[in-house]
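One structure below.
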Amino acid sequence: MNAAALAGTIVGSLLLPVTGLILLIIGIRKRSAARKQASIGYSPGYPPPGYPPGYPSGYPAAGPPGYGGYPPGYPMPPQPTPPKSAGTGFIVAGMVLVAVGALALVGTLANAVRHSSRLAIGDCLTNAILTDKPDWHPSSCSNPDAVLQYAANTDSKGNCPDGKRNDSSYLSAEHNGVRMCFAANLLQGQCYASEHDDKTVRQTSCTSGTVRVVKRIDGSTDASACPKRTRALTYTQPKRTYCTERVGRN
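Following our numbering, the numbering of the sequence shown begins with 2 at its first residue and continues without gaps.
So this is what it looks like as structure tokens:
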């Protein structure tokens with residue numbers, strides 16, 4: 002997955018949690034507003050009829066003899082309680098979308114990490130793929146330690162491009178259920194020694210007994226292009242020829 006596709010997928014995955022967060026905020030604000038309205042309530046009942054404020058007291062209340070004054074002020078009507086469901090729908094929907102969106106985002110990132118370790122034909126790797134805890138992350142092909150290049154997958158018979166099951170010039174290794182073929186990725190002028198029971202090589206100093214790459218010819222399998230007194234090592238995929246010599250040879 003390239004960077005643009007990954008960015009688009011992540012942005013898409015963020016839509017659910019962002020929408021959920023918006024709904025959650027709306028629901029909380031609705032509930033808060035309902036509670037605030039309920040706390041304000043209604044104004045007290047109407048005052049009893051009589052003289053307006055400021056008149057001296059002591060005058061009897063108006064009305065027929067034997068009767069008391071006007072009845073007291075009208076009682077305050079019952080205050081409605083805020084509906085318990087105020088904003089609940091938004092809150093529940095928001096929480097669900099946030100949870101689902103978070104899970105989707107985690108899945109997207111995990112999938113991106115898993116796909117980032119997938120190899121493409123032409124990728125170069127180090128001998129770390131042959132260890133007990135193999136490292137399958139590609140390295141620059143100009144890295145002296147990246148002595149292996151992913152060339153192809155095995156055919157239906159399990160053979161690499163040279164058609165040999167035994168004594169193949171390719172290294173065969175399995176990754177994610179796929180049997181892969183690796184060609185040597187050697188640098189011209191560098192020396193190499195055998196590694197991992199002669200399955201591969203490692204870059205080393207040019208001491209006696211090591212193998213020096215005198216010439217590297219990409220895009221050709223013509224062994225006759227190698228100088229005299231050198232040994233040709235050819236690959237058909239990718240097309241490549243190495244001209245090598247043993248250091249210290251007389």
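Just so it is clear, CB atoms sit at the ideal spot from N, CA and C, and this is done for glycine as well.
Asked                                                                                                       : Found
Residues that DSSP places opposite residue 176 in a beta bridge                                             : 179
Contained beta strand (DSSP E) runs [length at least 3] in the segment 87-175, N- to C-terminal order       : 149-154
Rounded distance between the beta-carbons of residue 186 and residue 238, thought under 8 Å                 : Their Cβ separation, rounded to whole angstroms, is 13 Å, which puts residue 238 and residue 186 out of contact at 8 Å.
Paired residues, beta bridge with residue 218 - DSSP                                                        : 242
Cross-strand partners of residue 204 (DSSP beta bridge)                                                     : 193
Inter-residue Cα distance where the pair is residue 116 and residue 98                                      : Below a pLDDT of 50, predicted positions are generally treated as unreliable, and residue 116, at 48, falls in that range; the measurement from the model is reported next regardless. Near 26 Å, if we compare the C-alpha coordinates of residue 98 and residue 116.
Identity of the residue in 25, 203, 243 nearest residue 91 by Cα                                            : 25
Where the beta strand (DSSP E) through residue 233 begins and ends                                          : 232-237
Cβ neighbours of residue 224 in the same chain (closer than 8 Å, five flanking residues each side left out) : 233, 235, 242
Cα-Cα separation between residue 219 and residue 170, rounded to whole angstroms                            : 16 Å
Neighbourhood of residue 230 by C-beta, 8 Å cutoff - its chain only, sequence neighbours within 5 removed   : 246
Environment of residue 166 [buried if 16+ CB atoms lie within 10 Å]                                         : exposed
Close beta carbons around residue 191, own chain, < 7 Å, minus the five adjacent residues each side         : 145, 204, 214
Exposure of residue 201, with buried meaning 16 or more beta-carbon neighbours within 10 Å                  : buried
Beta-bridge partners of residue 36, as assigned by DSSP                                                     : Looking at the DSSP assignment, residue 36 forms no beta bridge with any residue, so it has no partner.
Buried versus exposed, by CB contacts within 10 Å (16 or more), residue 23                                  : exposed
Residue 136 versus residue 95: straight-line alpha-carbon distance, rounded                                 : 42 Å
Three-state class that DSSP yields for residue 71 in the structure shown                                    : Because the pLDDT of residue 71 is 49, which lies under 50, any placement of that residue in the model is unreliable, and the number read from its coordinates should be weighed accordingly. Three-state result, residue 71: coil.
Burial state of residue 221, where buried means 16 or more other Cβ atoms lie within 10 Å                   : exposed
Closest by C-alpha distance to residue 217, when choosing among 211, 226, 209                               : 226
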